[in-house]
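Protein chains in written order, with this note's numbering: chain A, 1 to 149; chain B, 150 to 288. So the structure is just underneath, and the comments pick up after that.
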């Protein structure tokens, strides 16, 4: 019956096409997979820039989003599934942190740090692409709880 | 070209996790010994009165797409049920409650009986048929 809403800012939420970030996750998965196999710091640096744009500007301003709008969206029909812009933006921030760690490891000459960081980043991107996995759902509240009191 | 092994390991583990995760999300699990348990929270903490039969207490957060879908689903399912109350609570601004009720991820939906005692919970996006069955099972 009654739905009492205590979720703040729900009315001011910016909605985006939910398929954009999912498409971006597919490309991210491929880029990270190649980077993991070839140990390419250059690819990680490029992916780092993409993550930074998604995290600090908007997921809709990322180069992968541009590709989606240019080449994929015109071929899709039917209703546009929308989602809040904040969950994918949070996921881009997590990706950014992994990519910074990987690049830092590479610069410091530690291939172990590079491999582990890229592996985690790839796992998250792959889960997002293949299973629509929501990273923010799993770790945001947990991080808040750990820093509470 | 280095080894393909790390890639194979990551994809295999992620895929296994993904299938397990999707299968387990939204499944409603019953609470143990609900008949003698204390209410999960007070009506003051809930911000409204308990439903005369059931209260669906959903915890949501900002960085959570399935929370919106779950909210719409539960609002729709309970729309013509005057004895069921659905409350969508922002987890981040109720961290004490979140700790006490051990909410780990969002969305998590608690099913409370008329006294506010937890009789079940679903972690992850709620599934319509399961919600309808769970609501029907509570007198």
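We treat Cβ as the ideally placed atom computed from N, Cα and C, and that holds for glycine. Quick caveat, the model's predicted, so the values are computed rather than measured.
With contacts defined as CB atoms closer than 8 Å, residue 129 of chain A and residue 55 of chain A fail to qualify as a contacting pair.
For residue 178 of chain B, the CB contacts under 7 Å within the same chain, skipping 5 residues up- and downstream, are 269, 270 in chain order. Residue 162 of chain B and residue 217 of chain B have their C-alpha atoms roughly 29 Å apart. C-alpha of residue 17 of chain A to C-alpha of residue 83 of chain A: approximately 6 Å in a straight line.
With a cut-off of 8 Å on Cβ pairs, the region 219–226 of chain B is not in contact with the region 241–254 of chain B, counting fewer than three such pairs. Between residue 199 of chain B and chain A, the shortest Cβ-Cβ separation is not below 8 Å. Within chain A, the residues whose beta carbon sits less than 9 Å from that of residue 167 of chain B are 126, 127, 130, 131, 133, listed in sequence order.
Here residue 237 of chain B is buried: its Cβ has 16 or more other Cβ atoms, across all protein chains shown, within 10 Å. Setting aside the 5 residues that flank it on each side, residue 89 of chain A is surrounded in the same chain by 54, 55, 58, 59, each with a C-beta closer than 8 Å to its C-beta; the list follows chain order. Residue 41 of chain A and residue 111 of chain A do not touch by the CB rule: their CB atoms are close to 10 Å apart, not below 8 Å.
By the rule that beta-carbons nearer than 8 Å mark a contact, residue 156 of chain B touches chain A.
A Cβ-Cβ contact shorter than 8 Å links residue 68 of chain A with residue 23 of chain A.
Nearest to residue 45 of chain A by C-alpha distance, out of A/102, A/142, A/120, A/116, is A/102. For residue 123 of chain A, the nearest CB of chain B lies under 8 Å from its own CB, placing it at the interface with that chain. For residue 138 of chain A, the residues of chain B that pass the 7 Å Cβ criterion are 254, in the order they occur in the chain. Listed along chain A are 8, 140, 141, 144, each with a C-beta nearer than 9 Å to that of residue 241 of chain B.
In the DSSP annotation of this structure, residue 131 of chain A is not part of any beta strand (DSSP E); the continuous alpha helix (DSSP H) holding it starts and ends at 111–131.
Under the three-state reduction of DSSP, residue 233 of chain B is assigned to strand.
Residue 75 of chain A counts as exposed, since fewer than 16 other C-beta atoms from the protein chains shown sit within 10 angstroms of its C-beta. Close to residue 160 of chain B, with beta-carbon spacing below 7 Å, are these residues of chain A in chain order: 126. When the beta-carbon positions are compared, residue 233 of chain B and residue 200 of chain B come within less than 8 Å of each other.
By the neighbour-count criterion, in which a residue is buried when 16 or more other Cβ atoms sit within 10 angstroms of its Cβ, residue 119 of chain A is buried. The CB of residue 33 of chain A comes closer than 9 Å to the CB of 156, 159, 160 in chain B, given here in chain order. With fewer than 16 other beta carbons inside 10 angstroms of its own, residue 49 of chain A counts as exposed. Under the three-state reduction of DSSP output, residue 250 of chain B falls in the coil class, being neither helix nor strand.
For residue 86 of chain A, the residues of chain B that pass the 7 Å Cβ criterion are 211, 212, in the order they occur in the chain. Spatial neighbours of residue 126 of chain A in its own chain (CB-CB distance under 7 Å, excluding positions within 5 residues in sequence) are listed in chain order as 29.
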